[in-house]
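Residue numbers (our numbering): 449 to 1004.
Read the structure below first, then the notes.
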Ligand code: NAD
């Protein structure tokens, strides 16, 4: 009797543990051995059959949110099938697992919540975070994605409902670059929320209190970072969707002491610089000849400029000259040395503008002699215009036409997300530049025809970078994450764009081949980690083979 009970519990465990459950794929011997006989229909179903059923069920869902919930439940039920499905068609499943659908899932998280994933570390547990982390059933966690939910995508404060973001990002670490799911852990720091509708909603599952701030906030994050070092000493922490006022200070605080990075800053910078490398190949001019004008002076813009400067310096260019190639526009106009109240991180790009010839008709603002973007383009004469402002339509016809007059092939990257915030559409950039613009956007735009030619706009999606960097860190047990690693990732990504991609204006490899692209990027970054003595494992003879041997394979 006792024996029968224990067999039954093995069977139940096998079928209810998403990591063990292979559905109908268990062989006859496994069914006998695990006590599964009779608990499953007797047909043996290989992966392909189960994938067909999953596709059928996915397609039958009535909305994108329902599809998200279906995939989330599949991940809870049969992890390998979930990843095999994701990998079978990235273009179809990624927008459901991550943006844009994940945004809606976060907003409605308290209402659609079924089984919580990941960990919730609340301020109520202050002083005990290491013990709370020990409640996680897996002892060897290697990648944590953590948010405090304060700036979820472009949706503002979502409190603990922001959990959808770490969950989605980690699914892409596994799906796109092969980090094994068992070493990943999504975390939300619950430090309260200032979202009034959540505070009034009985179904909001987090702490119902205003956000903590200042020293109390930073002390809590300090405790979290220390607790991770204690409980998961080989773990990398990825900070995600923190507001600008916390993102940069937190990165500065920890980057030289622990293994961590911020994807909104460093991943964005890397994918944008990769796009610039691709664009340089099309215009046949080196990076040092580019002049960048950023519309929007927040974490994304400054992160891109900083990495661009690092790139020029690694090419032997002088830092001061490299900095002078980056110009910024904020909501008060063109940033310059005499603009009052500039944040610290922007000071290095606040240039003396006394030598510039400002058009007499230019509109001036209170804090800047140049307010209008087209006038700024006319004055600075950039080769690349990068939109990270969240101001829809900021790249209007006059702006794009001015760029096209000044450049044979103007580089135009409207990176703001979601689509409704994009500075212009790919179609507008192509039409107004008479088919000459090189475009990469934050949100996806469909391929288009102009003047009888096909144009495929690239998507400057961080997914090209962070899963691959994470894979390299996981494989090598890197002790630190440096900007140079993101530069290496950008170079590797750009080098994988083919001449055929470039001929239709596509400056990134296609998303459909993201797994192979990411593995190549991971190998390049792992090589860099070994070369720079940042690895905590011995260097293998064949780094390529070493990284590939770590890639998670969902097949069964
Ligand atoms: P942020 O809030 O840190 O910065 C936005 C900046 O835009 C601020 O400095 C703000 O002052 C400025 N701004 C606002 N109104 C303006 C105006 N009228 N004129 C000029 N500047 C104005 O945000 P962030 O993290 O830097 O992100 C900015 C945008 O970039 C978001 O839409 C985000 O989704 C997008 N983004 C895209 C990618 C990507 O595609 N890979 C990655 C990161 C961020």
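Just so it is clear, CB atoms sit at the ideal spot from N, CA and C, and this is done for glycine as well.
Open item on the list: Rounded to whole angstroms, what is the Cα-Cα separation between residue 917 and residue 562?
Closed with: So the two alpha carbons sit approximately 31 Å from each other.
Task: Spatially closest choice to residue 970 from 933, 764, 960 and 951, by CA coordinates - done: When only C-alpha atoms are compared, the closest one is 933.
Open item on the list: Taking 7 Å as the cut-off, is the C-beta of residue 908 nearer than that to any heavy atom in the ligand NAD?
Closed with: Within the cutoff, so yes.
Task: Terminal residues of the alpha helix (DSSP H) in which residue 901 lies - done: Run containing residue 901: none in the alpha helix (DSSP H); it sits in the beta strand (DSSP E), 901-903.
Open item on the list: Tell me whether residue 602, by its Cβ, gets closer than 7 Å to a heavy atom of the ligand NAD.
Closed with: Yes, the beta carbon of residue 602 sits closer than 7 Å to at least one heavy atom of the ligand NAD.
Task: Chain-order list of residues whose beta-carbon lies under 7 Å from that of residue 615 (same chain, five-residue window excluded) - done: Same-chain partners within the cutoff: 565, 566 and 634.
- [ ] Could you tell me if residue 640 is buried or exposed, where buried requires 16 or more neighbouring beta carbons within 10 angstroms of its beta carbon?
- [x] By the 16-neighbour rule on beta-carbons within 10 angstroms, residue 640 is buried.
TODO: Verify the contact flag: residue 827, CB atom, against every heavy atom of the ligand NAD, threshold strictly below 7 Å.
DONE: Not under cutoff, so the answer is no.
Task: residue 449, buried or exposed, once every other Cβ within 10 Å from all chains shown has been counted against 16 - done: Here residue 449 scores only 47 on pLDDT, less than 50, and its place in the model should not be relied on; the value that follows carries that caveat. Residue 449 is exposed by the Cβ-count criterion.
Task: Closest by C-alpha distance to residue 956, when choosing among 726, 737, 816 and 937 - done: Ranking the options by Cα distance to residue 956, first place goes to 726.
Task: As assigned by DSSP and simplified to three states, the class of residue 1004 - done: In the structure shown, residue 1004 adopts coil according to DSSP, grouped into three states.
- [ ] Count the other C-beta atoms from every protein chain shown that fall within 10 angstroms of the C-beta of residue 1055, then say buried if there are 16 or more, exposed otherwise.
- [x] The requested residue 1055 is not part of the displayed model; the chain covers only 449 to 1004.
TODO: Name the residue from 684, 721 and 558 whose alpha carbon lies nearest to the alpha carbon of residue 610.
DONE: If we check each option's Cα against that of residue 610, 558 comes out closest.
TODO: Compute the beta-carbon to beta-carbon distance between residue 626 and residue 911, rounded to the nearest angstrom, for a pair I have assumed lies under 8 Å.
DONE: In this structure residue 626 does not touch residue 911 by the C-beta definition: roughly 14 Å separates them, more than the 8 Å allowed.
- [ ] Kindly indicate which three-state DSSP category residue 897 falls into: helix, strand or coil?
- [x] Of the three classes helix, strand and coil, the one that applies to residue 897 here is strand, per DSSP.
Task: Span of the beta strand (DSSP E) around residue 912 - done: No beta strand (DSSP E) holds residue 912; DSSP gives it neither H nor E.
- [ ] Determine the DSSP secondary structure at residue 862, reduced to helix, strand or coil.
- [x] In the structure shown, residue 862 sits in a strand (DSSP, three-state: E or B).
TODO: State the Cα-Cα distance for the pair residue 491 and residue 472, rounded to the nearest angstrom.
DONE: CA-CA distance, residue 491 to residue 472, rounds to 7 Å.
Open item on the list: For a quick check, are the C-beta atoms of residue 942 and residue 905 less than 8 Å apart?
Closed with: In this structure, residue 905 does not lie closer than 8 Å to residue 942 by Cβ.
Task: Option in 944, 730, 859 and 524 with minimal Cα separation from residue 964 - done: If you compare the alpha carbons of 944, 730, 859 and 524 with that of residue 964, the shortest gap goes to 944.
Open item on the list: Comparing C-alpha positions only, which one of 884, 869, 901 and 883 sits nearest to residue 892?
Closed with: Residue 892 has its Cα closest to that of 869, out of 884, 869, 901 and 883.
Open item on the list: Measuring only from the beta carbon, is residue 869 closer than 7 Å to any heavy atom that is part of the ligand NAD?
Closed with: Because some heavy atom of the ligand NAD lies under 7 Å away, the Cβ of residue 869 counts as near it: yes.
Task: Rounded C-alpha distance that separates residue 950 from residue 938 - done: About 16 Å.
Task: Unbroken stretches of the alpha helix (DSSP H), 4 residues or longer, contained in the stretch 495-551 - done: Qualifying alpha helix (DSSP H) stretches, in chain order: 495-507, 512-525, 527-536 and 538-545.
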